[in-house]
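Remember, my numbering sits 2 above the position in the sequence shown when you count from 1. Glycine included, each C-beta is placed from N, C-alpha and C at the ideal position.
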Amino acid sequence: MNILLTGGAGYIASHTCVALIEAGYTPVIADDFSNSHPEVLNRLEKITGQSIACKTGDVADAAFMADILRRHDI
Ligand SMILES: NC(=O)c1ccc[n+]([C@@H]2O[C@H](COP(=O)([O-])OP(=O)(O)OC[C@H]3O[C@@H](n4cnc5c(N)ncnc54)[C@H](O)[C@@H]3O)[C@@H](O)[C@H]2O)c1
């Protein structure tokens, strides 16, 4: 099951990302990296041993969010 994880590269949601994967879910991250760094994604993939979908953009952008929902069967 795909779970939309807004701010997924941030402090709390990056830990949530690992927990979701451990619980068998597939997180799809949406983050604009305004308060985090894309390197977090590499670290998450190293920790979990999985490729993680991440879309870069603003969650207040309705078209950006609609595109994620359409493409990823959230
Ligand atoms: N080591 C520590 O103890 C530690 C470290 C960091 C933070 N904290 C605490 O954790 C709390 C903050 O953590 P958090 O996870 O809520 O915040 P965060 O800032 O770490 O994560 C928010 C994420 O959302 C993203 N984001 C922000 N606006 C966005 C937008 N419009 N569209 C898309 N992405 C957007 C940011 O880039 C970031 O990756 C605070 O209380 C802070 O004091 C503690």
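| query | So the alpha helix (DSSP H) ILE14 belongs to, where does it begin and stop? | reply | 13-24
| Assumed close pair THR18, ASP34 - CB separation to whole angstroms, cut-off 8 Å | Contact flag wrong, Cβ pair sits at about 17 Å.
| request: Pick out whichever of GLY12, VAL20, ALA32 and HIS39 has its Cα sitting closest to the Cα of GLY51. | output: VAL20
| Is any heavy atom in ligand 1 found nearer than 6 Å to the beta carbon of ALA62? | yes
| If we count the other Cβ atoms within 10 Å of its Cβ and call it buried at 16 or more, is ALA65 buried or exposed? | exposed
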